[in-house]
Structure formats: structure tokens, C-alpha cells
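Peer 1: Protein sequence lines, in the order shown, are assigned to chains H and B. Here the UniProt record's numbering is used: the first residue of the first sequence is 1, the next is one more, and so on. Here the UniProt record's numbering is used: the first residue of the second sequence is 1, the next is one more, and so on. Ideal Cβ positions, reconstructed from N, Cα and C, are used throughout, including at glycine. Keep in mind it's a predicted model, so treat the numbers as computed, not measured.
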Amino acid sequence: MADLNRTALHALHLRLGAKMVPFAGYDMPVQYPAGVLKEHLHTRSAAGLFDVGHMGQVLVSAISGRQADAALALERLIPVDIAGLAEGRQRYGFLTNDAGGIIDDLMIANRGDHFFIVVNASRKAEDLAALRAGLPDCDVAEVPGRGLIALQGPGAEAALARLVPDAPEFAFMDVGIRNWQGVELWISRSGYTGEDGFEISVPDGFAEALAERLLEMPEVAPIGLGARDSLRLEAGLCLYGHDIDEETSPGEASLGWAIQKIRRAGGARAGGFPGAERVLAELADGTSRKRRGLRPEGRAPMREGVEIYATEDGGAPIGRVTSGGFGPSIEAPMAMAYLPADLPEGSTVYGDVRGKRLPARIVPMPFRPATFKR
Amino acid sequence: MKFTEDHEWLRVEGDLVIVGITEHASEQLGDVVFVDLPEAGRTVTTGDEVVVIESVKAASDILAPLDGEIVEVNDALAETPALVNEDPLEAGWFFKMKVADLSALDGFMDEAAYKALIG
Numbered sequence: 001m002a003d004l005n006r007t008a009l010h011a012l013h014l015r016l017g018a019k020m021v022p023f024a025g026y027d028m029p030v031q032y033p034a035g036v037l038k039e040h041l042h043t044r045s046a047a048g049l050f051d052v053g054h055m056g057q058v059l060v061s062a063i064s065g066r067q068a069d070a071a072l073a074l075e076r077l078i079p080v081d082i083a084g085l086a087e088g089r090q091r092y093g094f095l096t097n098d099a100g101g102i103i104d105d106l107m108i109a110n111r112g113d114h115f116f117i118v119v120n121a122s123r124k125a126e127d128l129a130a131l132r133a134g135l136p137d138c139d140v141a142e143v144p145g146r147g148l149i150a151l152q153g154p155g156a157e158a159a160l161a162r163l164v165p166d167a168p169e170f171a172f173m174d175v176g177i178r179n180w181q182g183v184e185l186w187i188s189r190s191g192y193t194g195e196d197g198f199e200i201s202v203p204d205g206f207a208e209a210l211a212e213r214l215l216e217m218p219e220v221a222p223i224g225l226g227a228r229d230s231l232r233l234e235a236g237l238c239l240y241g242h243d244i245d246e247e248t249s250p251g252e253a254s255l256g257w258a259i260q261k262i263r264r265a266g267g268a269r270a271g272g273f274p275g276a277e278r279v280l281a282e283l284a285d286g287t288s289r290k291r292r293g294l295r296p297e298g299r300a301p302m303r304e305g306v307e308i309y310a311t312e313d314g315g316a317p318i319g320r321v322t323s324g325g326f327g328p329s330i331e332a333p334m335a336m337a338y339l340p341a342d343l344p345e346g347s348t349v350y351g352d353v354r355g356k357r358l359p360a361r362i363v364p365m366p367f368r369p370a371t372f373k374r
Numbered sequence: 001m002k003f004t005e006d007h008e009w010l011r012v013e014g015d016l017v018i019v020g021i022t023e024h025a026s027e028q029l030g031d032v033v034f035v036d037l038p039e040a041g042r043t044v045t046t047g048d049e050v051v052v053i054e055s056v057k058a059a060s061d062i063l064a065p066l067d068g069e070i071v072e073v074n075d076a077l078a079e080t081p082a083l084v085n086e087d088p089l090e091a092g093w094f095f096k097m098k099v100a101d102l103s104a105l106d107g108f109m110d111e112a113a114y115k116a117l118i119g
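1) Could you pull out every residue in the same chain whose Cβ sits closer than 8 Å to the Cβ of H:Gly25, ignoring the five residues on either side in sequence?
2) Apart from the five residues just before and just after H:Val80, which ones in its own chain have a Cβ nearer than 7 Å to its Cβ?
3) Under a three-way DSSP split, which group does H:Ile262 fall into?
4) Identify the continuous alpha helix (DSSP H) that holds H:Ser254 and give its terminal residues.
5) Could you tell me whether the segment 197-207 of chain H touches the segment 146-165 of chain H, where touching means 3 or more Cβ pairs closer than 8 Å?
6) So with CB distances below 7 Å, who are the chain B contacts of H:Ala300?
7) Which partner residues of B:Met36 appear in the DSSP bridge assignment?
8) Please identify, using Cβ separations under 9 Å, the residues of the segment 31-57 of chain H that lie next to chain B, in order along the chain.
9) Between B:Gly92 and chain H, is any beta-carbon pair separated by less than 7 Å?
10) On a CA-only basis, which of B:Val50, B:Met1, B:Val33 and B:Val12 is nearest H:Pro301? Give me that one, please.
11) Checking the sheet assignment: what are the DSSP bridge partners for H:Arg278?
12) What does a CB cutoff of less than 8 Å around H:Pro250 pick up in its chain, not counting 5 residues either side in sequence?
13) Look at the alpha carbon of B:Val50 and the alpha carbon of B:Ala100, and state the distance between them as a whole number of angstroms.
14) Got a sec, what are the start and stop residues for the alpha helix (DSSP H) H:Leu85 sits in?
15) If you draw a straight line from the alpha carbon of B:Glu90 to that of B:Leu102, how long is it in whole angstroms?
16) Closest by CA to H:Pro366, which one among H:Val353, H:Ser329 and H:Asn179?
17) Between the beta-carbon of H:Gln152 and the beta-carbon of H:Gly176, is there less than 7 Å?
18) Between which two residues does the alpha helix (DSSP H) carrying H:Val74 extend?
19) Whole-angstrom Cβ separation of H:Glu252 and H:Tyr338, contact assumed at under 8 Å?
20) Looking at the secondary structure, which residues open and close the beta strand (DSSP E) in which B:Lys98 lies?
21) Anything in the segment 19-31 of chain B with a Cβ closer than 7 Å to a Cβ of chain H? List those residues in chain order, please.
22) Along the segment 218-237 of chain H, what residues have a CB closer than 7 Å to any CB found in chain B?
23) Cα-Cα, which of B:Asp31, B:Gly92 and B:Ser55 is closest to B:Leu10?
24) CB B:Gly30 to CB B:Val56, shorter than 7 Å?
25) So, is the C-beta of H:Phe326 closer than 7 Å to a C-beta in chain B?
26) On the criterion of 16 or more Cβ atoms from any shown chain inside 10 Å, does B:Pro81 qualify as buried, or is it exposed?
27) In chain B, what lies closer than 8 Å to H:Leu320 by C-beta?
28) With respect to the alpha helix (DSSP H) encompassing B:Gln28, which residues constitute its N-terminal and C-terminal limits?
29) Could you check the C-alpha separation between B:Pro65 and B:Asn74 for me, to the nearest Å?
30) Return the bridge partner residues of H:Tyr192 from the DSSP annotation.
31) If distances are taken between C-alpha atoms only, which option among H:Asn110, H:Arg295 and H:Arg354 comes closest to H:Glu345?
32) Quick check on the burial criterion: 16 or more other C-beta atoms within 10 angstroms. Buried or exposed for B:Asn85?
33) How would you list, in chain order, the residues of chain B whose beta-carbon sits under 9 Å from the beta-carbon of H:Arg354?
34) Going by other Cβ atoms of all chains shown within 10 Å of its Cβ, with 16 needed for buried, is B:Leu117 buried or exposed?
35) Which value, in whole angstroms, describes the spacing of the CA atoms of H:Ala335 and H:Glu126?
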């Protein structure tokens with residue numbers, strides 16, 4: 001494991017007794033002694049602290065110095081409304097390829113004279129290559145030496161407010177820079193658990209001190225990648241490389257909500273991004289397959305790779321589970337699968353679990369409603 | 001009590017062998033959320049997959065440790081799979097089997113040997 005990267009919180013994870021696993025080239029905590037189930041429920045009821053320092057942090061600014069130029073440049077690669085993103089605001093989006101597939105999903109924030117983008121750890125190289133190739137009129141720079149901590153759950157606001165008194169004034173998807181003991185914290189009110197919470201970019205040298213300060217608080221507990229995965233799945237959120245990839249389009253992935261009207265056919269800045277023809281046609285006309293939510297009956301989880309059939313016996317598979325597991329908050333199994341888009345909600349399909357076809361109902365996502373603070 | 005290299009424990013009760021997993025295995029698995037048990041009455045051969053344990057992380061198999069017949073399964077696990085974590089050596093048992101020859105148990109590890117195995 002000597003070749004694995006380490007985040008600034010690596011030593012802290014070891015001290016906390018984390019079980020470490022390789023993840024996207026990093027040695028990361030999958031769980032702490034409390035275990036995935038308790039960590040998941042703790043995040044839902046109090047506050048969880050996640051090390052997301054493996055994720056990429058990227059700054060994009062226009063060579064002209066004008067933020068409007070950077071926004072329009074980014075819109076050449078990302079099919080969301082970036083020019084209309086106000087300073088201090090953040091938005092979910094994705095980079096598309098020429099075939100209309102998804103290179104990566106990301107968070108993009110307008111910080112006045114540049115954009116701050118957070119990308120998936122496993123896709124940093126592809127993202128940087130796409131941004132650099134597609135934005136000759138911009139500076140694209142990976143941020144060196146900063147960790148990233150996510151603080152998620154109903155107790156996150158009160159916890160962070162002890163260090164950053166005006167944290168409660170951040171609305172959902174607000175971003176801002178604050179000082180904590182002379183250190184610059186880049187704060188956004190966002191996350192990937194379906195909970196209210198914050199993501200905090202902090203210089204590596206102060207990441208451990210910040211994490212320890214938060215962990216001293218009674219409501220804050222460390223949470224590993226295992227619970228991060230069950231939390232995001234309950235929230236109906238995609239995991240890159242599983243639920244979305246370079247083959248799946250935004251329409252197929254049920255991510256059309258992220259593409260604002262202004263970028264769609266008939267909008268003032270429609271299209272103009274890679275794969276626009278396919279992506280916009282699919283938003284208008286629909287797709288034959290779509291990412292759908294599944295609630296297996298009984299307690300047996302349907303995990304990634306489980307083939308889905310229309311009937312209890314015979315026939316060819318109609319889809320396949322891309323993420324699946326047990327939802328500790330809903331106390332039931334849940335899964336996402338690409339299935340024919342015309343199957344009505346409430347339909348029963350069958351997942352092949354170790355040779356047995358078990359029934360599952362097609363349901364709307366999220367499996368558990370989000371509790372974002374609007 | 002005897003132990004297998006697959007971290008099962010075997011306990012003789014009358015002419016039956018009760019099978020469960022060790023505390024060590026239960027900790028390694030993490031939180032158990034579903035246990036797929038065999039039907040009572042099934043005849044099994046050593047090495048057959050008879051139980052699937054689904055934890056929040058992954059699915060793991062329990063293999064038949066001996067030739068014989070499954071005569072009873074722990075139905076309480078259907079409602080409360082967490083018994084495997086909370087009480088793996090008692091309430092978290094999986095199945096009872098009738099084996100032709102109880103002396104076959106002599107071939108398994110005793111507690112001291114098992115403890116040495118898991119370090």
C-alpha cells in the first residue's frame with residue numbers, strides 16, 4: 001500500500017482506529033470502530049465528519065480576467081447555467097463527452113474572480129485534461145495542499161457555528177471564505193448525504209487541527225466511506241463509475257434536473273457543450289432506459305451487478321443494478337438500476353440474487369427525503 | 001466447542017451439531033442486515049454453500065462443515081439479523097445439523113488453536 005496517496009487526515013484516521021482501504025488511489029477510512037450502521041445513523045441524527053480530501057479541487061479563471069468570460073468558457077464543457085450562477089453560489093453539474101456521456105460530475109462555485117470546482121478523486125486526470133483542452137482561454141489549476149472535510153447532518157450547523165459564528169447564515173449551496181484561527185476556510189453549504197451540512201476546504205497543515213476541534217464536540221463523530229456510500233444511496237445520488245460513466249448520458253441518468261432551461265433547446269444559451277445534440281434531444285424526447293430506484297421486497301439486498309428481469313422466470317435481463325445495498329435509515333434494501341424508462345412506477349421487477357429471482361418495486365428517488373436547509 | 005478455518009464454530013447438542021460464526025468473523029463482517037438460511041431437511045455435503053450473510057458491506061457464504069442433514073434453522077435471524085453481531089456464539093447461531101459421525105468433529109481446531117490462527 002506504499003504507493004497509495006494519503007490525505008492530510010491520514011494519521012488521524014489511524015489514531016481513531018479506522019479500517020483503511022484503497023480508494024481511488026488513496027488509503028482511506030472505510031469505517032471506524034462504531035461500524036457503518038451506527039456511523040450512518042449518527043450522521044442522520046447528529047453530525048458526521050468525513051474526510052473527502054481525496055477529491056480534486058480546481059480553480060478556473062479567464063485569462064482576460066473577466067469572470068463572465070470564464071463562465072461562458074465553462075459552459076462550453078458543462079451543460080448547466082454557469083453564467084447565471086451568482087457570486088457566492090454553487091451548483092451541481094457535469095462534464096460531458098462528444099457522445100453525450102458523462103466524464104465526471106462535479107460541484108462548481110462562483111467566487112467572484114474565478115470558479116472553484118470540486119471533482120471526484122477517481123476522475124481528476126480526466127477532468128483536468130478535459131478542462132485544459134476545452135478552455136484555452138482560461139487558467140486551469142489544481143489546488144495544491146488543501147484538504148477537504150465534509151460535516152453533515154442536523155447537528156452540523158451548530159457544530160460549525162462554534163468555529164465560524166456566521167455559518168448559520170449560509171443558505172443551501174452558498175459558498176464563502178472565512179477565517180478560523182488565522183486560517184482560510186473555503187466553506188460551502190452542501191454535501192452528498194442528503195443531509196444539511198458543509199464542505200470545508202482547509203490547508204493541509206491545519207486539516208487535522210480543524211478535524212480534531214470538530215470531533216471534540218459531542219455531536220460530531222468520524223464517518224467512513226462505507227456510511228458515505230449508504231447515505232448517498234438513500235439520498236438517490238449517483239456515484240461516478242457505478243451509476244454514471246462515460247457511456248451514460250444525463251437523460252439516462254435521470255440528471256436532467258441539473259440542466260437549467262436556459263441551456264436546453266429553446267433557451268437563450270442552449271447547447272454548445274460536447275454531446276449537446278444527444279443530450280438535449282433526450283431531455284426533450286426521453287430515453288429508452290433510465291436510472292430508476294428499486295425497493296427489493298424482503299431484506300435481501302440487491303447489490304451492484306444484479307441482473308433485473310421483467311418476470312419471475314425466463315426472458316432476457318432488462319437492466320442491471322449499478323448501486324445497491326441496505327439503507328440503515330429506511331431499514332430496508334434499496335438499489336439503483338438502469339431499466340426501461342416506460343415501466344411505470346410501482347411496477348414489480350425481479351432481481352437475480354444468487355440464482356433466485358426476488359421481487360423489487362420501482363419507486364421514486366430519493367429513498368429517504370433530503371433535509372437540506374434552503 | 002470446535003472451530004473451522006472459515007471462522008465457524010461447531011457445538012454438539014445431543015446428536016446434533018450447531019453451527020455459527022465466531023466473534024472474530026462477526027467483527028470482520030460488520031453489521032449484518034440479512035441472513036439467507038437453508039430449508040430444514042436439506043442434505044448437505046462438506047463445502048456446500050448453505051448460508052449467505054449480507055452485511056452492510058458485502059455478502060459472505062457459510063459452508064457446510066460436515067456431511068449431514070440440516071434439521072433446524074434459526075428463524076429469529078429473519079427478523080433480527082443483528083443477532084449475528086450482538087451474540088454470535090449463542091443467539092446468533094445459524095443451523096443445526098445431524099451428522100453421520102460425530103467423531104468427525106475431532107478433526108477441527110479447539111479454542112486454543114483457533115485463537116492462535118486469528119492471532
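Peer 2: Taking the coordinates as given:
1) Hits under 8 Å: Leu4, Asn5, His54, Ala121 and Ser122.
2) If we look at H:Val80 and ignore the five residues flanking it on each side, its Cβ neighbours are Arg91, Gly93, Ala258, Ile259, Gln260 and Arg263.
3) Here H:Ile262 sits in helix by DSSP.
4) Counting along the chain, no alpha helix (DSSP H) covers H:Ser254, and no H or E run does either.
5) Yes, the segment 197-207 of chain H is in contact with the segment 146-165 of chain H.
6) By Cβ distance, chain B contributes Phe34, Asp36 and Glu54.
7) Sequence inspection shows Asp at residue 36 of chain B; the Met mentioned does not correspond to that position. B:Val52, per the DSSP bridge assignment.
8) Of all residues in the segment 31-57 of chain H, only Gln31, Gly35, Val36, Leu37, Lys38 and His40 place a beta-carbon less than 9 Å from a beta-carbon of chain B.
9) At a cut-off of 7 Å between beta-carbon atoms, B:Gly92 makes no contact with chain H.
10) For the residues B:Val50, B:Met1, B:Val33 and B:Val12, the minimum Cα distance to H:Pro301 belongs to B:Val33.
11) Beta-bridge annotation (DSSP): H:Arg278 is not paired with any residue.
12) The residues are Pro79, Phe94, Thr96, Gly100, Ile102, Gly256, Ala258, Ile259, Val279, Glu282 and Leu283.
13) For B:Val50 and B:Ala100, the distance between alpha carbons rounds to 18 Å.
14) DSSP places H:Leu85 in no alpha helix (DSSP H); its state is neither H nor E.
15) Each residue's CA atom was taken as its position, placing B:Glu90 and B:Leu102 some 21 Å apart.
16) Restricting attention to H:Val353, H:Ser329 and H:Asn179, the CA atom closest to the CA of H:Pro366 is found in H:Ser329.
17) With a cutoff of 7 Å on beta-carbon distance, H:Gln152 and H:Gly176 are scored as not near each other.
18) One point to set straight first is that residue 74 of chain H is Leu, not Val, in the sequence displayed. If you look at H:Leu74, you'll find it in the alpha helix (DSSP H) that goes Gln67 to Glu75.
19) Going by Cβ atoms, the distance from H:Glu252 to H:Tyr338 rounds to 7 Å, so yes, they are a contact pair.
20) Per DSSP, B:Lys98 belongs to the beta strand (DSSP E) from Phe95 to Lys98.
21) Closer than 7 Å at the C-beta level to chain H, one finds these residues of the segment 19-31 of chain B: Gly30 and Asp31.
22) Hits within the stretch, in order: Gly226 and Ser230.
23) Check the Cα spacing between B:Leu10 and each of B:Asp31, B:Gly92 and B:Ser55: the tightest is with B:Gly92.
24) In this structure, the beta-carbon distance from B:Gly30 to B:Val56 falls below 7 Å.
25) Cβ-Cβ to chain B under 7 Å: yes for H:Phe326.
26) Buried, by the Cβ-count rule.
27) Sequence check: residue 320 of chain H is Arg here, not Leu. Counting only Cβ-Cβ distances below 8 Å, H:Arg320 has no contacts in chain B at all, with the closest Cβ about 17 Å away.
28) Glu23 to Leu29 is the extent of the alpha helix (DSSP H) around B:Gln28.
29) Cα to Cα, the separation comes out at about 17 Å.
30) Among the bridge pairs identified by DSSP, H:Tyr192 is matched with none.
31) Of H:Asn110, H:Arg295 and H:Arg354, the residue nearest in Cα terms is H:Arg295.
32) Burial check for B:Asn85: the Cβ neighbour count within 10 Å reaches 16 or more, so the residue is buried.
33) Within chain B, the residues near H:Arg354 are Asp36, Glu49, Val52 and Ala59.
34) That one is exposed.
35) Their Cα atoms are separated by approximately 28 Å.
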